[in-house]
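Written below as structure tokens is the structure these notes are about.
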Amino acid sequence: MRDIIPICCAFFLAILILFFYPNNEVKLQPGDISFTSINAYNDGFEVISLVNIPSNTTIHFTDSEWNGNRFGADESDMVWNTGGQVIKAGSTVSFTNLGSNPRVSIGTLKNKLRISKKKEAIFAYLGSTRMPTVFLAAVGNDEFAYGTLINTSLQMDKSALTFPKGTTYASYQGPYIYENRDEFYKELRKLSNYEFHKLKRTKDRNGIYELAPRSQ
394 MRDIIPICCA FFLAILILFF YPNNEVKLQP GDISFTSINA YNDGFEVISL VNIPSNTTIH
454 FTDSEWNGNR FGADESDMVW NTGGQVIKAG STVSFTNLGS NPRVSIGTLK NKLRISKKKE
514 AIFAYLGSTR MPTVFLAAVG NDEFAYGTLI NTSLQMDKSA LTFPKGTTYA SYQGPYIYEN
574 RDEFYKELRK LSNYEFHKLK RTKDRNGIYE LAPRSQ
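With the numbering used here applied, the sequence shown covers 394 to 609.
Structure below.
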């Protein structure tokens, strides 16, 4: 009987710990967020959460190229803490002025990130700076801007959203209501669902911004 009492006490203590201190481990997987815009004019982008994101989740961003095993030593790194509240699935989060005065609509940011107008890709991942444990999403304005997607578990034109070469501004204007993730990816791939701007050059090499033609 004396042996049973300590066992029972330990059991109830374990129950209390689980009840009052639930497991807050982040379990986000590739594709659980998706980029929906990129803005190289003002260094910004938007992401949408496709699942509930736990409070105080730390997500890293970098525009360094991935070689299949590691990131390069160049480019920028930015860290996003999602804040004290759960971000509900379907929420859009805006990141603006990242190259000068970084701001985010939910949570807080650390460091700056400049977005190039040519051959640029941005990765979002869990882990630590340049040491990813889980790749969540990517966006690029050139299919060769990523370096490679090998060993990221990201899929081109799904969890890695790729715009036509030379795109400097693209903002998703399509539907956000979908039955499953593949249906949403299908909408994300339709160029007709975006407002586009592209950087073009005149014959005298002066840069001008011009609305890009929409196509599907």
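The C-beta atom is built at its ideal place from N, Cα and C for all residues, glycine as well.
Here the structure is a predicted model, which means the values were calculated and not measured.
Where residue i falls: helix, strand or coil (DSSP)
i: Ser521; result: strand
i: Ser427; result: strand
i: Ser585; result: helix
i: Thr545; result: coil
i: Arg507; result: coil
i: Val479; result: coil
Backbone CA spacing between residue i and residue j [nearest angstrom]
i: Asp436; j: Gly567; result: 22 Å
i: Phe488; j: Leu554; result: 17 Å
i: Asp535; j: Lys512; result: 5 Å
i: Val444; j: Val479; result: 10 Å
i: Pro525; j: Thr451; result: 12 Å
i: Phe577; j: Tyr434; result: 27 Å
i: Gly500; j: Glu468; result: 23 Å
i: Arg574; j: Ser585; result: 19 Å
i: Tyr414; j: Gly477; result: Unreliable placement is indicated for Tyr414, whose pLDDT of 36 sits below 50; the coordinate value is still reported in the next sentence. Spanning the two alpha carbons is a distance of roughly 16 Å.
i: Ser608; j: Lys481; result: With a pLDDT of 35 at Ser608, under the threshold of 50, the modelled position of this residue cannot be trusted; read the value that follows with caution. Near 32 Å, if we compare the C-alpha coordinates of Lys481 and Ser608.
i: Lys579; j: Lys551; result: 8 Å
i: Tyr569; j: Gly483; result: 8 Å
i: Ala517; j: Arg582; result: 19 Å
i: Ser448; j: Ala531; result: 22 Å
i: Ile446; j: Thr561; result: 29 Å
Terminal residues of the beta strand (DSSP E) in which residue i lies
i: Leu502; result: Thr501 to Lys503
i: Asp575; result: Where Asp575 is concerned, there is no enclosing beta strand (DSSP E), although the alpha helix (DSSP H) it sits in stretches over Arg574 to Arg582.
i: Trp473; result: Asp470 to Asn474
i: Gly437; result: Gly437 to Ser442
i: Val486; result: Thr485 to Thr489
i: Tyr562; result: Thr560 to Tyr565
i: Ala538; result: First-last for Ala538: undefined, no H or E at that position.
i: Ile452; result: Thr451 to Thr455
i: Ala553; result: Ala553 to Thr555
Distance cut-off 6 Å: residue i Cβ against heavy atoms of the ligand COA
i: Arg496; result: Within the structure as shown, the ligand COA is missing, as the structure has no ligands at all.
Open item on the list: Tell me whether the segment 529 to 543 and the segment 455 to 466 touch, counting them as touching only if at least three CB pairs, one residue from each stretch, are closer than 8 Å.
Closed with: yes
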